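Here's the structure, in structure tokens; my notes come after.
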Amino acid sequence: MELTSTVFTAKAIYVGVIFAITLGVAAYSTYFERIFAAFFQDRVGPDRAGPFGILQPLADAVKMFMKEDFIPANSSKWLFILGPCLSMFTALMTSAVIPFGDTIDLGNGVKFDLQGIDVNIGILWVFGIVSLGVYGILVGGWASNNKYSLLGAIRAASQNISYELAMGLSIISILMMTGSLSTKAIVEAQQNGHWNILYQPVGFILFIICAFAECNRTPFDLPECETELIGGYHTEYSSMKLGFYLFAEYINMFVSGAVMATLYFGGYDYPFYETVVNSFGENVANFIGFGALIGKALFFVFVFMWVRWTLPRFRYDQLMNLGWTGLIPIAMFNVVWTGLIILLPAEFNLSSLASIGIAIAGIPVLIVGLFIYHSIAGGKKKKTALAR
Amino acid sequence: MKLSNRTKVLEQEELTLAERIYLPAIAGGMLTTLKHFFQKPVTIRYPEQKRYLGPVFRGHHILKRDQNGAERCTACGLCAVACPAEAISMVAEERKKGEETLYREEKYAKVYEINMLRCIFCGLCEEACPKEAIFLRHDKMVPVFNDRNEVIFGKDKLVEKMDDRYLRDGWK
Amino acid sequence: MQFWYFLTALTLISALMVVLSKNPIHSVLYLVFTFFCISGHYVLLNAQFLMAVNIIVYAGAIMVLFLFVIMMLDLRRNSPDSKTNLTKLAGAVVGGTVLVIIIAATRKINLGTGADNALYDSQTGMVENLGKLLYRNYLLPFELVSILFFVAMVGAVMLGKREAGERNF
Numbered sequence: 001m002e003l004t005s006t007v008f009t010a011k012a013i014y015v016g017v018i019f020a021i022t023l024g025v026a027a028y029s030t031y032f033e034r035i036f037a038a039f040f041q042d043r044v045g046p047d048r049a050g051p052f053g054i055l056q057p058l059a060d061a062v063k064m065f066m067k068e069d070f071i072p073a074n075s076s077k078w079l080f081i082l083g084p085c086l087s088m089f090t091a092l093m094t095s096a097v098i099p100f101g102d103t104i105d106l107g108n109g110v111k112f113d114l115q116g117i118d119v120n121i122g123i124l125w126v127f128g129i130v131s132l133g134v135y136g137i138l139v140g141g142w143a144s145n146n147k148y149s150l151l152g153a154i155r156a157a158s159q160n161i162s163y164e165l166a167m168g169l170s171i172i173s174i175l176m177m178t179g180s181l182s183t184k185a186i187v188e189a190q191q192n193g194h195w196n197i198l199y200q201p202v203g204f205i206l207f208i209i210c211a212f213a214e215c216n217r218t219p220f221d222l223p224e225c226e227t228e229l230i231g232g233y234h235t236e237y238s239s240m241k242l243g244f245y246l247f248a249e250y251i252n253m254f255v256s257g258a259v260m261a262t263l264y265f266g267g268y269d270y271p272f273y274e275t276v277v278n279s280f281g282e283n284v285a286n287f288i289g290f291g292a293l294i295g296k297a298l299f300f301v302f303v304f305m306w307v308r309w310t311l312p313r314f315r316y317d318q319l320m321n322l323g324w325t326g327l328i329p330i331a332m333f334n335v336v337w338t339g340l341i342i343l344l345p346a347e348f349n350l351s352s353l354a355s356i357g358i359a360i361a362g363i364p365v366l367i368v369g370l371f372i373y374h375s376i377a378g379g380k381k382k383k384t385a386l387a388r
Numbered sequence: 001m002k003l004s005n006r007t008k009v010l011e012q013e014e015l016t017l018a019e020r021i022y023l024p025a026i027a028g029g030m031l032t033t034l035k036h037f038f039q040k041p042v043t044i045r046y047p048e049q050k051r052y053l054g055p056v057f058r059g060h061h062i063l064k065r066d067q068n069g070a071e072r073c074t075a076c077g078l079c080a081v082a083c084p085a086e087a088i089s090m091v092a093e094e095r096k097k098g099e100e101t102l103y104r105e106e107k108y109a110k111v112y113e114i115n116m117l118r119c120i121f122c123g124l125c126e127e128a129c130p131k132e133a134i135f136l137r138h139d140k141m142v143p144v145f146n147d148r149n150e151v152i153f154g155k156d157k158l159v160e161k162m163d164d165r166y167l168r169d170g171w172k
Numbered sequence: 001m002q003f004w005y006f007l008t009a010l011t012l013i014s015a016l017m018v019v020l021s022k023n024p025i026h027s028v029l030y031l032v033f034t035f036f037c038i039s040g041h042y043v044l045l046n047a048q049f050l051m052a053v054n055i056i057v058y059a060g061a062i063m064v065l066f067l068f069v070i071m072m073l074d075l076r077r078n079s080p081d082s083k084t085n086l087t088k089l090a091g092a093v094v095g096g097t098v099l100v101i102i103i104a105a106t107r108k109i110n111l112g113t114g115a116d117n118a119l120y121d122s123q124t125g126m127v128e129n130l131g132k133l134l135y136r137n138y139l140l141p142f143e144l145v146s147i148l149f150f151v152a153m154v155g156a157v158m159l160g161k162r163e164a165g166e167r168n169f
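Chains as they are written, first to last, in the UniProt record's numbering: chain A, 1 to 388; chain B, 1 to 172; chain C, 1 to 169.
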């Protein structure tokens, strides 16, 4: 009984810590988004609230809470309230299965996993919750009783469904490499520098593109495209309900960064792990691993912002074209090539270096294949988009 | 029918494969923005840092005194007539005996008011003035006001202080 | 056991609300919630894979499309016309027949005295076991289903494809 309660308390603390980190990162993402936007444009950014403006998120929160909470007259009231709640809910649920770190020894032989819950369908859970994320937008957009909101919501729905396919196919390659759906097993298979990015460069590019689309981030932020749709699905929202939508977007960014780190960048693995274990003990090493994963996730948040302030928005038909005729065929090619990466070294007893070589050889093969398709299909019909 | 023979027919070429893959171009663009990330910001933080606005900037109005300290304004009203925004109003008064050191001419402005909400800082008053009495300072702006009571500037704010005289480069 | 009752009650209520609510959007949202409850039942049966697939496929994709279409059509405007007496009568006849068939079919079922503990395996619903079962014992049906999906996909592409010279937008 004693053991159960220790683990239970530790788990509760862990969940609280992850929750706090997620919310804190999301709050400060809004600040860093503005700061980075300023840096990319040779400006200074918010620097008035506190030293370097670090109290800006607090000021924003106060502003959000103080604003009038407006519900349009002909809206469907309960669904209008439900929308942002669903967005926030689904955004927060994903991090349950992400292994943020290895086991921690709590003393008395009690081992504790730095992971919310290790289910054997881990990555499917992430995938399922991501696919649910669109409900918040859809419900909120419809309940607003506004054409622009509805158009934004519908765009979000079709975009998410389209990019889920390519995302699922790129995850399948990862599953083939690991042979397990459990996120923990995926991370453990990548320990000691065998990061999946080395074996799955094409898969990673596909995944990050799909992650951009699923998070509704630029260049795929068509659901909230100001020039066409005023504010998109959150046109009618104000006060903290709007705040929830915006907050959910930043949480999604952080969580998808953590998922990318887990799937492709070795999770909590970092170089010189053995040295740290030998000189400081396993607990310290694993806590550094926890920090390494957070660091990797934050790096991806930076990439999200970097891309946002670099690329212009897609046109809607280009977006759909890219998803269906560009990414999905490439993802299917990647699945087949992954089979080659697994089978050839197993057949001829090659080293892991050889499989990295095969993986990288996949890129020129893909480009040549695209070129051949391009010259055949492009000759007949000028307007066929290849990877548009 | 062409008006000139300089019309150019723009032909958009079909994108090559390398352009259609887009990723190289995206990487190039991201490198460009990353370069800017590490550059020094060009911002001038205004209330703390002020830039020199030039010798012809039209800022705060000033009613000049002459070298003896007498007000130059004779309340002729030409500035008020010239003002396109009708921001200037004044009340004239005859100079009494013993006030020669205070006012240069026989008539002076007892009240001289500029409504700063109306003023557009065009400088026409400065040009209209025959006595070279009113100028718009190049080195000082009208301060921000928070109250309606503060927007009408009277003589207390407009007349030049003798210990803080306003001189332009050309006058020296 | 307590939780099972709660979940079942929730499932039934939300399933009833699908039929009873007047607004089609509400119906669809209740249906989504019903799928969640069914996923909860899968978890209680230790079939996590089915639960995830149920959420991804039904709640995450198919119901989104349902919602999508209903939002686009705006059914509220057309609803009075669709409820003539004839439709009501036809609906009652069809529904009543189905009810009779279901009752007749389930009446004879012997619910048994409980699971056989010797044959019980808690790991049946796990991904590995399910995969082995599908790809060994039921390979032919599985492949046939995939062909069915493939045909459906080709059909969807053919329907969605633009004819030469036609512009739809």
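Cβ atoms here follow ideal geometry from the backbone N, Cα and C, with glycine treated the same way. Predicted model, so just to flag it, every value in this text is computed and none were measured.
Asked                                                                                                                               : Found
Nearest neighbour of V307 of chain A, chosen from A:A91, A:Y31, A:A346 and A:F36 [CA to CA]                                         : A:F36
A109 of chain B - partner residues in DSSP beta bridges                                                                             : B:A92
Counted within 10 angstroms of its Cβ, other Cβ atoms place Q12 of chain B as buried (16 or more) or exposed                        : exposed
Closest by C-alpha distance to L138 of chain A, when choosing among A:F80, A:N252 and A:I71                                         : A:F80
Minimum length 3: unbroken beta strand (DSSP E) runs contained in the region 27-102 of chain C                                      : none
S95 of chain A beta carbon less than 8 angstroms from that of V255 of chain A                                                       : yes
Best match in C:S27, C:C37 and C:K22 for proximity to L12 of chain C [C-alpha to C-alpha]                                           : C:C37
Own chain partners of G257 of chain A with C-beta closer than 6 angstroms, once the 5 adjacent residues on each side are dropped    : A297, F300 and V301
Residues, ordered as in the chain, of the region 201-222 of chain A that lie near chain B by beta-carbon distance below 8 angstroms : I205
Chain-ordered neighbours of T43 of chain B on chain A, where CB pairs are closer than 7 angstroms                                   : R43 and V44
Closest by C-alpha distance to A75 of chain B, when choosing among B:Y52, B:Y103, B:A25 and B:L117                                  : B:Y103
Cβ-Cβ separation, E71 of chain B to Y108 of chain B (assumed contact under 8 angstroms), whole Å                                    : 6 angstroms
Identity of the residues DSSP links to T262 of chain A by a beta bridge                                                             : Bridge partners of T262 of chain A: none, in fact.
Three-pair Cβ contact test at 8 angstroms for the region 137-152 of chain A versus the region 235-244 of chain A                    : yes
Three-state class that DSSP yields for E128 of chain C in the structure shown                                                       : helix
Segment limits, beta strand (DSSP E) that includes T103 of chain A                                                                  : P99 to D105
CB contact flag (P99 of chain A, T262 of chain A, <8 angstroms)                                                                     : yes
Contacting residues, own chain, Cβ-Cβ under 7 angstroms from C129 of chain B (five flanking each side not counted)                  : L78 and C79
Distance, P84 of chain A Cα to W78 of chain A Cα                                                                                    : 11 angstroms
CB contact below 8 angstroms: F89 of chain A versus chain B                                                                         : no
8 angstroms Cβ shell around V126 of chain A - same chain, five flanking residues per side excluded                                  : T94, V97, I98, T183 and V259
At least three beta-carbon pairs within less than 8 angstroms, the region 112-126 of chain B to the region 34-46 of chain B         : no
Contact set between the region 8-27 of chain B and chain A, restricted to residues whose Cβ is under 8 angstroms from the partner   : E14, L17, R20, I21, Y22, L23 and I26
Y46 of chain B classed as buried or exposed, judged by whether at least 16 other C-beta atoms fall within 10 angstroms              : exposed
Rounded separation between I109 of chain C and I101 of chain C - CA only                                                            : 13 angstroms
Buried versus exposed, by CB contacts within 10 Å (16 or more), R136 of chain C                                                     : exposed
Spatial neighbours of V335 of chain A in its chain, beta-carbon cut-off 8 angstroms, leaving aside the 5 residues before and after  : L169, I172, S173 and M176
Three CB pairs or more closer than 8 angstroms across the region 47-62 of chain C and the region 122-135 of chain C                 : yes
For K67 of chain A, the nearest candidate out of A:A59, A:A49 and A:A73 (CA to CA)                                                  : A:A59
E274 of chain A to S352 of chain A span [Cα, whole Å]                                                                               : 20 angstroms
Boundaries of the alpha helix (DSSP H) in which H60 of chain B is found, first to last residue                                      : Unbroken run through H60 of chain B: none, as it is neither H nor E.
Through-space distance from L322 of chain A to F314 of chain A, alpha-carbon basis                                                  : 10 angstroms
Cross-strand partners of V164 of chain B (DSSP beta bridge)                                                                         : As written in the sequence, residue 164 of chain B is Asp, which differs from the Val given in the question. D164 of chain B pairs with B:K161.
E71 of chain B (DSSP reduced to helix, strand or coil)                                                                              : strand
Residue-chain proximity (G131 of chain C, chain A), Cβ-Cβ < 8 angstroms                                                             : no
Integer-rounded CB distance, given that Y233 of chain A should sit under 8 angstroms from E226 of chain A                           : That pair is no contact at about 12 angstroms.
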